[in-house]
Amino acid sequence: MLGAILAILSAATFALNNAAARRGVVTGTPAQGMVVTVPIGVACFLPLALVAAGMGGLGDFPPRAVAWLAAVGLLHFLLGRYCNYRANQAAGVNITAPVIQLQVVVTLVLAVIILREPFTPLQMIGAVLMLAGAFITQRPGRTLAGAGDNAQAGAGRAPRFVPRQAVGYVFAAMAALIYGTTPIMVRTALEHASPFSGILGVSIAYGAATLAITLALLSPPLRRNVMSLKRENIRWFVYSGVFVAAAQGLFYSAVAVAPIMVVMPLMQLSLVFRLVFSTWLNRDHEVFGPLVVLGAFVSVVGACTVSMDTDAIIDALALPDALARGLRWRV
Numbered sequence: 019m020l021g022a023i024l025a026i027l028s029a030a031t032f033a034l035n036n037a038a039a040r041r042g043v044v045t046g047t048p049a050q051g052m053v054v055t056v057p058i059g060v061a062c063f064l065p066l067a068l069v070a071a072g073m074g075g076l077g078d079f080p081p082r083a084v085a086w087l088a089a090v091g092l093l094h095f096l097l098g099r100y101c102n103y104r105a106n107q108a109a110g111v112n113i114t115a116p117v118i119q120l121q122v123v124v125t126l127v128l129a130v131i132i133l134r135e136p137f138t139p140l141q142m143i144g145a146v147l148m149l150a151g152a153f154i155t156q157r158p159g160r161t162l163a164g165a166g167d168n169a170q171a172g173a174g175r176a177p178r179f180v181p182r183q184a185v186g187y188v189f190a191a192m193a194a195l196i197y198g199t200t201p202i203m204v205r206t207a208l209e210h211a212s213p214f215s216g217i218l219g220v221s222i223a224y225g226a227a228t229l230a231i232t233l234a235l236l237s238p239p240l241r242r243n244v245m246s247l248k249r250e251n252i253r254w255f256v257y258s259g260v261f262v263a264a265a266q267g268l269f270y271s272a273v274a275v276a277p278i279m280v281v282m283p284l285m286q287l288s289l290v291f292r293l294v295f296s297t298w299l300n301r302d303h304e305v306f307g308p309l310v311v312l313g314a315f316v317s318v319v320g321a322c323t324v325s326m327d328t329d330a331i332i333d334a335l336a337l338p339d340a341l342a343r344g345l346r347w348r349v
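Written as structure tokens, this is what we have:
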């Protein structure tokens, strides 16, 4: 139960992070967002990590676990976040989010292969539904955005956001692969650890990413990019950094106390939260429409299907023996 609650809270704060980051990259750059948001993660978690260390949490981290978590920081917080920001900048959160959420399919496959966790027919059906949801959201981008652009231009107003779908989908797919891989690495490092270990774990990952960014700032082109950061974007990147730090802390703690197969499906509720927050914060910078909502809904149904307990469904529906045996099949 604790793991489920932590996962749902993490999904909500991840959605807030995406909405805030989207506002930042409308006129800012992904590199600027990373330079602001990653060090904020260290600032948020360092005090908590010191408290956890004082309670004996450091004893849970052998050198091998520290190495895994440092690798997570470089892969997830640098490469994955960059791809996420590029996807959001090009096509918006509403279109790219279901594609990025395919990370759960990557994670489920790797959980079966690497962690030897079971994979059931219900989880297979859920994965297919999530894929379907991602594809559904791809159709309305050209029609809705283009129509909005023409209508507003004809009225003498500024054109609405027109997504660059090809770029958005490429970077969203890359982000999905990265984000789907790192939970396996986190689980490998934090398995059988306590929730306090999750706080220490995310601190190590953020610390490695911040060190890498600090070294990257030695590059003159990157420094010029960062120095051109507009004041109006700073607050959105700061909001994003705080929200994503909170979300990561909740996620790491959830993974520390619950199996991947429980945590990852519940994280897909962020699709619902993202639609709500995008409507609130980014109405003029996103693509909206019935197919976008339908795609998110289908993806959430798929996530719920993945997280269902097979035996509970069989008992509740009193399914015939033949169907029950089929649903109990495991990979």
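Numbering of the sequence shown is given in the numbering used here, commencing with residue 19 and proceeding in unit increments.
Backbone N, C-alpha and C define an ideal beta-carbon position, used for all residues, glycine too.
Taking C-beta atoms as the reference points, residue 198 and residue 117 fail to come closer than 8 Å. By the criterion of at least three beta-carbon pairs nearer than 8 Å, the segment 29-44 is in contact with the segment 261-274. The beta-carbon distance between residue 91 and residue 251, rounded to whole angstroms, is 24 Å. This is too long to meet the 8 Å contact definition. Scanning its chain for C-beta atoms nearer than 7 Å, with the 5 sequence neighbours on each side dropped, one finds around residue 207 the residues 83, 86, 87 and 219, in chain order. Distance between residue 98 and residue 196, taken at the CA atoms: about 6 Å.
The beta carbons of residue 217 and residue 66 sit closer together than 8 Å. Scanning 256, 224 and 276 for the CA closest to the CA of residue 93 turns up 224. Of the candidates 131, 126 and 80, 126 places its Cα closest to the Cα of residue 140.
The beta-carbon separation of residue 54 and residue 260, rounded to 11 Å, does not stay under the 8 Å limit for a contact. For residue 238 and residue 205, the gap between their C-alpha atoms comes out near 37 Å.
Each residue's CA atom was taken as its position, placing residue 253 and residue 289 some 24 Å apart.
Here residue 185 has 108 as same chain residues with Cβ atoms under 6 Å from its own Cβ, once five neighbours each way along the sequence are excluded. Taking 3 residues as the minimum length, the segment 28-115 contains no beta strand (DSSP E) run wholly inside it.
By the neighbour-count definition (other C-beta atoms within 10 Å, threshold 16), residue 132 is an exposed residue. Taking 8 Å as the cut-off, the Cβ atoms of residue 287 and residue 23 do not count as close. According to the DSSP assignment, residue 249 belongs to the alpha helix (DSSP H) that extends over 249-275.
In the three-state scheme derived from DSSP, where H, G and I count as helix and E and B as strand, residue 286 is classed as coil. Of the residues assessed, residue 245 falls on the exposed side of the cut-off, its CB having fewer than 16 other CB atoms within 10 angstroms.
Collapsing the DSSP output to three states places residue 207 in a helix. Note on residue 242: under 16 other CB atoms within 10 angstroms of its CB, so exposed under the neighbour-count rule.
Per DSSP, the unbroken alpha helix (DSSP H) holding residue 240 starts and ends at 238-245. With fewer than 16 other beta carbons inside 10 angstroms of its own, residue 45 counts as exposed.
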